Every structure is written in C-alpha cells, then in structure tokens.
Amino acid sequence: MAHIEVEDVHVRFPVLHTGHRSLKKALVATATGGAIMREANAAPIVHALSGVSVRLEVGDRVGLVGPNGAGKSTLLRVLAGIYEPDDGHVAVDGKIAALLNVNLGFNADLTGRENLRLRGMYMGLKGKEIAALAPEIADFTELGDYLDMPVRTYSSGMQMRLALGMATAVKPDILLMDEWILAGDAHFMEKAKARVAAFVRQARILVLASHSADVIRTWCNKALYLSAGKVQAFGPVEEVLEAYADAARAQSVTRN
Numbered sequence: 001m002a003h004i005e006v007e008d009v010h011v012r013f014p015v016l017h018t019g020h021r022s023l024k025k026a027l028v029a030t031a032t033g034g035a036i037m038r039e040a041n042a043a044p045i046v047h048a049l050s051g052v053s054v055r056l057e058v059g060d061r062v063g064l065v066g067p068n069g070a071g072k073s074t075l076l077r078v079l080a081g082i083y084e085p086d087d088g089h090v091a092v093d094g095k096i097a098a099l100l101n102v103n104l105g106f107n108a109d110l111t112g113r114e115n116l117r118l119r120g121m122y123m124g125l126k127g128k129e130i131a132a133l134a135p136e137i138a139d140f141t142e143l144g145d146y147l148d149m150p151v152r153t154y155s156s157g158m159q160m161r162l163a164l165g166m167a168t169a170v171k172p173d174i175l176l177m178d179e180w181i182l183a184g185d186a187h188f189m190e191k192a193k194a195r196v197a198a199f200v201r202q203a204r205i206l207v208l209a210s211h212s213a214d215v216i217r218t219w220c221n222k223a224l225y226l227s228a229g230k231v232q233a234f235g236p237v238e239e240v241l242e243a244y245a246d247a248a249r250a251q252s253v254t255r256n
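Taking UniProt numbering as reference, the numbering of the sequence shown is continuous, increasing by one, and the terminal residue is 256.
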C-alpha cells in the first residue's frame, strides 16, 4: 500500500565563505528556504527543513503552501530522494513520479529520444516498454524532428513538453509536482491540462507545491503550511489556507 512517512526531518545547507560577492550571492540563492543560522568563525547554515513530520496515505492529495523560502521545494526533493535528510527518517512506499524542475534529470548533450530512454531506465522500465511508450510521447509533445536533436537546442517550453510527456507516460503511485508544470504556451497547455488531470487522478498520493490558493483548492484535499522550514499547520485545505492567510496578514501589519 502506497504511503509516505516523514519523521523529524532536518535538512541543512552550509553556505561557504567566499570573497567574491556575486558568487556568494549565487550560493545563497541556491539554498531552497528555511532559517539562516550563523555561528562565530563558521559558515552560515540554511536550515531548509527543521523537524518536519507528516504521514500520507492513499487518497491524500496534499498542497504545500508557504512563502518563498519556506522549504516547499526542499521537502519535495527529499520525498523524491534527491536530497538526503541530515537528521530524521523518510519512508516512501510506491512508484514515484517527480515533476519538479524542467531541467531535472536531463542530459543536455543527448537527444530528446535518448533522454527518454534514460528516464525510462531510471523508472525501472525495460527496453521494450520504453520503445512502446515512445510513439505516444512523441505525439503528445509535438516535438517532431527535435526529438532527435540535443536537448541543449530546445527552448524552455520544448524542454517542458519533453519532461511532461516523459513523466506522465507511466502511472505512478505517488506524484510529486511543482507549480512549473501548470505553465506553458497556451496551445500546448490546453492539451496538457487534460493529461495532467488524468495523471493526478490516477496517482494514489499527490504532493503539490503552489502559491495559488485556487490550485490548491482544485487539486488537493489537504494542505501543509511551511514557514522557515517548519510545519505550521497540516489538515483540511480551508483550515490551513486560513492559517496561512492569517500569518501573512499579521506579518504585513508588523512590517507596517
């Protein structure tokens, strides 16, 4: 039975000191949320997740909400196995599809078709299974001859098409999704929305990060509110969205 269990998970990113100001700024920008802790004579450490615990079962469709830097993307990457927690325990049972970043997992020097084969192998598919999926993916993406061109020649929209076609070709038990998948050129997204909706319905568990309350209400039956890497609320969508809105209003009053 598919499930996700996250128990007291901590993720920390040290920010190395450097005399090059622009490089230091870039390093800080790569940290994906949380509180920044500084100790004397030590590099700053971003606590991207601090003591996060949650259990998800079949039927849970959870929206991750919170301000920029709250730790939503970090949590998705922990669930996907991209990041290892520094402390705590993560148990994921089920086949995962992770739609997190348009460039994630692509080899830019390989063709779209070669990347398709690599992604299929990563998902545990056999060569014949990958070959059987290829025509349908080609039809959906509308990339034509570009499938035989290196991915580095693709526009961001073309990369998004390939990523979406590949990721939605196989039914997952657990779907991890970032908001990027809901954007794109109008013509393609009309077709993609129906595919994504069917894909979401097939998934036994959904975890979706979004800044849109409407998206959370449409796709989710629960929400998890993160701030500074910590869980502030978890439960029914409207209750959590209200808690998030109240916190945002309180912060706005404090600033003014």
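Don't be surprised by glycine CBs; every beta carbon is placed ideally from N, CA and C.
For clarity, every value in this text was computed on a predicted model and none was experimentally measured.
Margin query: Please return the same chain residues whose Cβ sits closer than 6 Å to the Cβ of Lys95, not counting the five positions on each side in sequence.
Written below: Reading the sequence shown from its first residue, position 95 is the one you call residue 95. Excluding residues within five positions, the ones whose Cβ falls inside 6 Å are Pro172 and Asp173.
Note to self: At 4 residues or longer, what runs of the alpha helix (DSSP H) sit wholly inside the stretch 201-236?
What the structure shows: 213-219
Item checked: Spatial distance of Asp8 from Val52 (CA atoms) -> Counting from 1 along the sequence shown, the entry for residue 8 is found at position 8. Counting from 1 along the sequence shown, the entry for residue 52 is found at position 52. Their backbone Cα atoms lie some 5 Å apart in a straight line.
Item checked: Option in Phe13, Pro135, Asp148 and Arg152 with minimal Cα separation from Ala108 -> Translated into the one-based positions of the sequence shown, residue 108 becomes position 108. Of the listed residues, the one whose Cα sits closest to Ala108 is Arg152.
Notebook entry, point to check: Is the stretch 135-152 touching the stretch 81-96, taking contact as three or more C-beta pairs under 8 Å?
Noted result: no
Note to self: Less than 8 Å between C-beta atoms, sequence neighbours within five positions excluded: which residues of the same chain meet that for Cys220?
What the structure shows: Mapped onto the sequence shown, residue 220 falls at position 220. Once the five neighbours on either side are set aside, the close Cβ partners of Cys220 are Arg61, Val62, Gly63, Leu206, Leu208 and Val237.
Next item on the list: Give me the Cβ distance between His10 and Leu56, rounded to the nearest whole Å; I'm assuming they're in contact under 8 Å.
Entry: In the sequence shown, counting from the first residue as 1, residue 10 sits at position 10. In the sequence shown, counting from the first residue as 1, residue 56 sits at position 56. Their Cβ separation, rounded to whole angstroms, is 19 Å, which puts His10 and Leu56 out of contact at 8 Å.
Item checked: Close-in-space but distant-in-sequence residues of the same chain around residue 261 (CB under 8 Å, 5 per side omitted) -> The structure shown does not extend to residue 261, since the chain spans only 1 to 256, so no value can be given for it.
Check: What residue range is occupied by the uninterrupted beta strand (DSSP E) comprising Ser155?
Finding: Mapped onto the sequence shown, residue 155 falls at position 155. Element bounds for Ser155: n/a, residue is neither H nor E.
Item checked: beta strand (DSSP E) segment containing Ile130, residue limits -> Translated into the one-based positions of the sequence shown, residue 130 becomes position 130. Taken as a continuous stretch (DSSP letters only), Ile130 belongs to no beta strand (DSSP E), being part of the alpha helix (DSSP H) at Gly127 to Thr141.
Item checked: Interface flag, Arg152 vs chain C, CB-CB below 8 Å -> The structure shown contains no chain C; it holds only a single protein chain.
Checklist line | Separation of Ser50 from Tyr244, as counted between CA atoms | finding: The count along the sequence shown starts at 1 and reaches residue 244 at position 244. The count along the sequence shown starts at 1 and reaches residue 50 at position 50. Taking the CA atoms as reference points, Tyr244 sits about 18 Å from Ser50.
Margin query: Assuming contact is defined by CB atoms lying nearer than 8 Å, are Val54 and Val231 in contact in what I supplied?
Written below: As a first step, residue 54 is located in the sequence shown; it is residue number 54 there, counting from the start. As a first step, residue 231 is located in the sequence shown; it is residue number 231 there, counting from the start. Result yes, Cβ atoms of Val54 and Val231 sit closer than 8 Å.
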